[in-house]
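Heads up, the thing below is written out as structure tokens.
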Amino acid sequence: MAERLQAPRGTFDVLPEEGELRLALHAAAGDLLGRAGYGYFESPVFEDTEVFARGVGQSTDIVQKEMFTFEDKAGRSLTLRPEATAGVCRAYAEHGMHKLPQPVKLWFWGPFFRHEAPQAGRFRQFTQVDAEALGSDDPSLDAELILLLAELLERARARDVRLRLSSLGDAAARESYGVELKAYLREHEGELSEEVRARIDANPLRAFDADHPGTRRVMEGAPLLLDRLAPADAEHFAGVRALLDSAGLAYELDPKLVRGLDYYTRTVFEFESGRLGAQNALGGGGRYDGLVEQLGGPPTPGVGWAAGIERILLASDLAVAGRAKVFVSWTGEAATAFAIARAVRARGGHAEMEQAGRSLKGQLKQADRIGATHVVLVGEGLEVKDMASGEQRPVASVDEAVEAVTP
Ligand code: HAM
Numbered sequence: 196m197a198e199r200l201q202a203p204r205g206t207f208d209v210l211p212e213e214g215e216l217r218l219a220l221h222a223a224a225g226d227l228l229g230r231a232g233y234g235y236f237e238s239p240v241f242e243d244t245e246v247f248a249r250g251v252g253q254s255t256d257i258v259q260k261e262m263f264t265f266e267d268k269a270g271r272s273l274t275l276r277p278e279a280t281a282g283v284c285r286a287y288a289e290h291g292m293h294k295l296p297q298p299v300k301l302w303f304w305g306p307f308f309r310h311e312a313p314q315a316g317r318f319r320q321f322t323q324v325d326a327e328a329l330g331s332d333d334p335s336l337d338a339e340l341i342l343l344l345a346e347l348l349e350r351a352r353a354r355d356v357r358l359r360l361s362s363l364g365d366a367a368a369r370e371s372y373g374v375e376l377k378a379y380l381r382e383h384e385g386e387l388s389e390e391v392r393a394r395i396d397a398n399p400l401r402a403f404d405a406d407h408p409g410t411r412r413v414m415e416g417a418p419l420l421l422d423r424l425a426p427a428d429a430e431h432f433a434g435v436r437a438l439l440d441s442a443g444l445a446y447e448l449d450p451k452l453v454r455g456l457d458y459y460t461r462t463v464f465e466f467e468s469g470r471l472g473a474q475n476a477l478g479g480g481g482r483y484d485g486l487v488e489q490l491g492g493p494p495t496p497g498v499g500w501a502a503g504i505e506r507i508l509l510a511s512d513l514a515v516a517g518r519a520k521v522f523v524s525w526t527g528e529a530a531t532a533f534a535i536a537r538a539v540r541a542r543g544g545h546a547e548m549e550q551a552g553r554s555l556k557g558q559l560k561q562a563d564r565i566g567a568t569h570v571v572l573v574g575e576g577l578e579v580k581d582m583a584s585g586e587q588r589p590v591a592s593v594d595e596a597v598e599a600v601t602p
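Residue numbers for the sequence shown follow the numbering used here, so the first one is 196 and each next one is one higher.
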């Protein structure tokens with residue numbers, strides 16, 4: 196026998212039971228986001244490496260360690276997309292979307308790739324649902340997007356969810372804060388983990404994210420960016436919070452919230468679930484007012500989020516309601532059974548027929564296994580069986596059979 200092959204490490208197959216839940220989530224996302232004016236969008240699964248190197252940021256783990264990068268036959272460097280936002284901004288600039296009425300609202304769904312160590316809830320190929328609003332810095336967009344993700348998680352029946360919220364201000368505040376934070380970290384260098392020490396210059400903010408006990412102690416007394424926002428940014432953040440408060444959405448203000456991507460300005464947020472282990476982020480995002488420009492487009496504000504479908508399902512009690520099913524069993528004319536199944540489907544019903552050469556007894560067992568509510572028996576004549584009551588009666592024609600089993 197030939198050697199049995201397996202899916203690559205950190206990837207998975209979606210089998211039909213889970214597939215149905217994913218389709219339900221996809222439909223819920225399309226409904227919710229569509230009704231808020233977000234149009235469906237797709238970009239290529241790979242982009243020029245430059246899109247992510249410039250977009251996501253050189254100092255991030257994503258760019259430094261996690262990208263699946265390869266050369267095409269002409270020697271150009273391409274990368275399987277690790278996230279959606281940089282590609283969305285590339286597309287916004289490429290298609291001149293700044294000429295459209297603003298804001299431009301987009302949502303999309305698809306596979307993303309990060310070369311991380313696989314563990315529960317962390318994969319090398321995973322699925323994100325993503326929403327972005329470009330071309331306006333109105334705080335109502337930040338609030339709208341946060342509320343839409345909260346609603347999607349609720350529809351997905353994600354359990355034990357909490358929302359953390361903060362603001363990173365503008366580049367100037369971040370820069371002077373960065374100088375202050377670096378000086379503070381240097382003062383305490385001896386107490387920090389080696390990894391944090393090595394990155395004081397490149398990415399001092401990551402120190403807030405460390406698990407190392409000494410580093411954590413130091414960070415408790417660290418200066419906070421949220422206390423150093425410029426007046427316009429503080430006002431913007433107050434505007435976002437006021438809208439969330441008036442919508443009655445609970446959140447925790449967390450000045451130590453660190454996102455793993457460099458492009459954020461102003462609002463940042465993350466939804467977590469206590470149902471998940473170490474990888475507890477269901478989804479997150481924020482504002483990225485400089486990103487389109489960084490990718491060669493005009494200065495354009497933007498805000499958005501992405502959520503991990505596999506993690507949402509791990510944290511959820513979602514169940515898809517079973518629908519009425521018809522099983523067409525036959526010992527007589529196969530063509531009649533085939534026609535009945537097609538007619539039931541044409542009327543909007545769910546129909547399956549015997550397609551594995553089972554005995555009549557085996558066919559009825561199969562009807563039971565798929566949870567059929569009705570069976571049509573094609574033998575010498577036609578009969579219809581109600582599986583709940585067990586009642587079985589003859590019918591005169593194909594039309595009558597179809598009529599009897601479709602609601
Ligand atoms: P992110 O926080 O890197 O943000 O990813 C968003 C979500 O994707 C995470 O909360 C998690 O649920 C899921 N995720 C990330 N990596 C993995 C993985 N290896 N395995 C399974 N799930 C994963 C972004 O990607 C930003 N682009 C979000 C954004 C949009 N910001 C503004 N607009």
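Backbone N, C-alpha and C fix where the C-beta goes; we use that ideal spot for every residue, glycine too. Quick caveat, the model's predicted, so the values are computed rather than measured.
Check, Outcome
"Thr264 versus Val258, Asp256, Ile257 and Leu273, residue with shortest Cα-Cα distance", "Leu273"
"Chain-order list of residues whose beta-carbon lies under 7 Å from that of Phe241 (same chain, five-residue window excluded)", "Leu273, Thr274, Leu275 and Arg276"
"Cα-Cα separation between Asp337 and Met548, rounded to whole angstroms", "50 Å"
"Spatial distance of Gly585 from Ala516 (CA atoms)", "23 Å"
"Whether Arg631 touches Thr495 by CB criterion (8 Å)", "In the structure as shown, the chain begins at 196 and stops at 602. Residue 631 is therefore absent and cannot be evaluated."
"Proximity test, Gly250 beta-carbon vs the ligand HAM heavy atom, cut-off 7 Å", "no"
"Arg265 Cβ short of 7 Å to the ligand HAM heavy atom set", "The identity of residue 265 in the sequence shown is Phe, whereas the question assumes Arg. For the ligand HAM, not one heavy atom lies less than 7 Å from the Cβ of Phe265."
"Proximity to Ile257 [Cα-Cα], best of Phe303, Arg204 and Arg319", "Arg319"
"Lys580: first and last residue of the uninterrupted beta strand (DSSP E) it sits in", "Leu577 to Asp581"
"Euclidean distance between Cα positions of Arg199 and His310", "24 Å"
"heavy atom of the ligand HAM below 7 Å from Gln323 C-beta", "yes"
"Residue(s) in a DSSP beta bridge with Thr410", "DSSP lists no partner for Thr410."
"Sequence-distant residues of the same chain with beta carbon closer than 8 Å to Leu444, five excluded per side", "Ile341, Leu342, Ala345 and Leu358"
"Residue interval of the beta strand (DSSP E) (run including Leu275)", "Ser272 to Leu275"
"Residue burial classification, His290 (beta-carbon count within 10 angstroms, cutoff 16)", "exposed"
"Spatially closest choice to Ala367 from Arg423, Arg454, Ser361 and Ala393, by CA coordinates", "Arg423"
"Closest residue to Trp304 among Ala315, Pro313, Arg317 and Thr322 (Cα-Cα distance)", "Thr322"
"Near the ligand HAM: Gly480 beta-carbon under 7 Å from a heavy atom", "yes"
"Beta-carbon contacts of Leu400 that lie in its chain and below 6 Å, excluding the five residues immediately before and after", "Val453"
"The stretch 520 to 528 in contact with the stretch 574 to 584 per 3-pair CB rule at 8 Å", "yes"
"Run of the alpha helix (DSSP H) containing Pro426, from where it starts to where it stops", "Pro426 to Ser441"
"Beta carbon of Val356 nearer than 8 Å to that of Ala224", "no"
"Cβ-Cβ distance between Gly205 and Leu329 below 8 Å", "no"
"beta-carbon Glu505 near the ligand HAM non-hydrogen atom, thresh 7 Å", "yes"
"Boundaries of the alpha helix (DSSP H) in which Asp243 is found, first to last residue", "Asp243 -> not in any alpha helix (DSSP H); beta strand (DSSP E) instead, spanning Phe241 to Asp243."
"Neighbour-count burial assignment, Val196, 16 or more Cβ in a 10 Å radius", "Looking at the sequence provided, one finds Met at residue 196 rather than Val. Under this definition Met196 is an exposed residue."
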